[in-house]
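Step one of this worksheet: look at the structure below.
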Amino acid sequence: MKGPLFYSKILLFGEYGIIKDSKGLAIPYNFYNGALKIEENPSQEAKDSNEKLAKFVTYLNDLQTEQPELVSFDIDKMNQDVAAGMYFDSSIPQGYGVGSSGALVAAIYDKYAVDKITVLENLTREKLLTLKTIFGGMESFFHGKSSGLDPLNSYLSLPILINSKDSIEAAGIPSQAEKGTGAVFLLDSGIVGETAPMVNIFMENMKQDGFRSMLKDQFVKHTDACIDDFLKGDVKSLFGNVKQLSKVVLSNFKPMIPTKFHDLWKQGIESNDYYLKLCGSGGGGYMLGFTEDLEKAQAALKDHKLEVVYTF
Numbered sequence: 001m002k003g004p005l006f007y008s009k010i011l012l013f014g015e016y017g018i019i020k021d022s023k024g025l026a027i028p029y030n031f032y033n034g035a036l037k038i039e040e041n042p043s044q045e046a047k048d049s050n051e052k053l054a055k056f057v058t059y060l061n062d063l064q065t066e067q068p069e070l071v072s073f074d075i076d077k078m079n080q081d082v083a084a085g086m087y088f089d090s091s092i093p094q095g096y097g098v099g100s101s102g103a104l105v106a107a108i109y110d111k112y113a114v115d116k117i118t119v120l121e122n123l124t125r126e127k128l129l130t131l132k133t134i135f136g137g138m139e140s141f142f143h144g145k146s147s148g149l150d151p152l153n154s155y156l157s158l159p160i161l162i163n164s165k166d167s168i169e170a171a172g173i174p175s176q177a178e179k180g181t182g183a184v185f186l187l188d189s190g191i192v193g194e195t196a197p198m199v200n201i202f203m204e205n206m207k208q209d210g211f212r213s214m215l216k217d218q219f220v221k222h223t224d225a226c227i228d229d230f231l232k233g234d235v236k237s238l239f240g241n242v243k244q245l246s247k248v249v250l251s252n253f254k255p256m257i258p259t260k261f262h263d264l265w266k267q268g269i270e271s272n273d274y275y276l277k278l279c280g281s282g283g284g285g286y287m288l289g290f291t292e293d294l295e296k297a298q299a300a301l302k303d304h305k306l307e308v309v310y311t312f
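For the sequence shown, UniProt numbering gives the first residue as 1, with consecutive numbering after it.
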């Protein structure tokens, strides 16, 4: 068997802020994907994935027992398939902030949820919120606490605009410029990041008045402005706001930026060749870069691997 493909995602704006009700904008990233599979001669990697799936099934069984009104699965079928060696065959790098667990959650929901909300029906705000809540409950197995956004993005394969905790919608984003000189790119830190420790640091920081004020008055303000600019296609204003956001993150989210990238981050702000921001929870994995001149950014970051995800 081979199930349908589910794609990775990129949260362009909103990491950490969406925990505290900033806006967020997530887009599918089709370069990476994953699917549920059963093979006759599984590799060691497939066997490891299968073992993890068995634990996930136990967790989902507990979830539907504790919250029967939230979601129910065909657990018997899931157990049968796991016993037959089912695994998640994925090219999505883990710990890189592009939604590896989100794609798996979307695939499991798609295949085994009873009375599932499908992507073909009229997706009202209520249905989107219901899906987000279900996915948050499912993905908490991997992260301790999940917003449910990554799986939602992967499941729908549409850009998603988060206005607030209770207001999300599918969004239209400006089409890419084929010959654009500006770009959004992924910068590989070469380090695997772990979500839970980073979120814990953030939650500890949130106990301090100064950090909470900074989040509201600077981080959320610039994040929301970046999203408005991006959706309107106002590139000039966008880069002004991305620069401010990059500064705020460097000053206040240092533990989430791998140490060896602190200087590179600062260099981008000072030269205006590129601006970096977190991609997901940070601590490793990818960082997101924004540049008005891709050639300049590539020259400045020539020792690093860049992947272009969007062109202006």
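Backbone N, C-alpha and C fix where the C-beta goes; we use that ideal spot for every residue, glycine too. It should be emphasised that the depicted structure is a prediction, and the values quoted were computed from it without experimental measurement.
Would you please state the rounded distance, in angstroms, between the beta carbons of residue i and residue j? I believe it to be under 8 angstroms.
i	j	result
Leu-5	Ile-27	Not a contact, Cβ separation roughly 17 angstroms.
Leu-306	Phe-185	5 angstroms
Leu-70	Thr-133	7 angstroms
Pro-174	Gly-233	4 angstroms
Tyr-155	Leu-131	7 angstroms
Leu-278	Met-256	6 angstroms
Checking 8 angstroms against the spacing of the C-beta atoms, do residue i and residue j come in under that value?
i	j	result
Ser-189	Glu-15	no
Leu-288	Leu-276	yes
Ile-227	Ser-246	no
Ala-35	Lys-77	no
Ile-38	Ala-103	no
Val-98	Tyr-32	yes
Gly-193	Tyr-310	no
Lys-100	Tyr-7	The identity of residue 100 in the sequence shown is Ser, whereas the question assumes Lys. Contact: no.
Asp-273	Thr-291	yes
Phe-56	Val-114	no
Thr-195	Gly-17	no
Asn-252	Phe-211	yes
Lys-165	Val-199	no
Ile-162	Pro-258	no
Lys-9	Asp-150	yes
Val-82	Leu-63	no
Tyr-286	Leu-187	yes
Compare the C-alpha of residue i against each of the options and name the closest.
i	options	result
Lys-243	Phe-31, Lys-216, Lys-266, Lys-207	Lys-266
Val-153	Ile-75, Thr-195, Gln-208, Ala-106	Checking the displayed sequence, the identity of residue 153 turns out to be Asn instead of Val. Out of Ile-75, Thr-195, Gln-208, Ala-106, Ala-106 has the C-alpha closest to the C-alpha of Asn-153.
Leu-215	Leu-60, Lys-179, Arg-125, Val-248	Val-248
Gly-137	Ile-168, Gly-182, Tyr-109, Arg-125	Tyr-109
Asp-21	Glu-39, Ser-147, Ala-103, Leu-301	Ser-147
Gln-176	Leu-156, Gln-218, Arg-125, Phe-230	Phe-230
Ala-225	Leu-186, Val-114, Leu-25, Leu-63	Leu-25
Gly-296	Pro-93, Gly-182, Thr-133, Ile-75	According to the sequence shown, residue 296 is Lys rather than Gly. Out of Pro-93, Gly-182, Thr-133, Ile-75, Gly-182 has the C-alpha closest to the C-alpha of Lys-296.
Lys-179	Ala-171, Ile-117, Phe-312	Phe-312
Asn-79	Pro-93, Glu-69, Glu-51	Glu-51
Lys-23	Leu-60, Leu-128, Phe-141, Ile-160	Ile-160
Tyr-87	Gln-64, Val-235, Lys-165, Pro-42	Pro-42
Gly-283	Ala-300, Lys-254, Val-308	Lys-254
Ala-90	Leu-129, Asp-48, Val-71, Thr-65	One point to set straight first is that residue 90 is Ser, not Ala, in the sequence displayed. The residue with the shortest Cα to Cα distance from Ser-90 is Asp-48.
Glu-169	Thr-124, His-143, Pro-151	Thr-124
Leu-264	Gln-298, Glu-40, Phe-141	Gln-298
Ala-171	Phe-142, Thr-58, Leu-128, Val-235	Leu-128
Phe-261	Val-235, Leu-301, Lys-116	Leu-301
Thr-58	Phe-141, Leu-250, Val-220	Phe-141
Ile-19	Met-206, Asn-241, Glu-66	Met-206
Gln-94	His-143, Leu-250, Val-220, Val-308	His-143
8 angstroms is my cut-off, CB to CB: does residue i come that close to chain D?
i	result
Ile-10	Looking at the structure shown, chain D is missing, and only one protein chain is on hand.
For the segment 217-268, list the alpha helix (DSSP H) runs that are entirely contained and at least 4 residues long, ordered along the chain.
Taken in chain order, the whole alpha helix (DSSP H) runs of length 4 or more contained in the segment 217-268 are 220-232, 235-252.
Which ranges would you report for the alpha helix (DSSP H) in the segment 129-209 if only whole runs of at least 4 residues count?
Counting only runs of at least 4 residues, the segment 129-209 fully encloses the following alpha helix (DSSP H) elements, listed from N- to C-terminal order: 149-156, 195-205.
What runs of the alpha helix (DSSP H), each 4 residues or longer, lie entirely inside the segment 265-300?
Within the segment 265-300, the runs of alpha helix (DSSP H) that reach at least 4 residues and sit entirely inside it are, in chain order, 294-300.
Length-filtered (3 minimum) beta strand (DSSP E) runs lying within the segment 55-99:
As far as the segment 55-99 is concerned, its whole beta strand (DSSP E) runs of at least 3 residues are 87-90.
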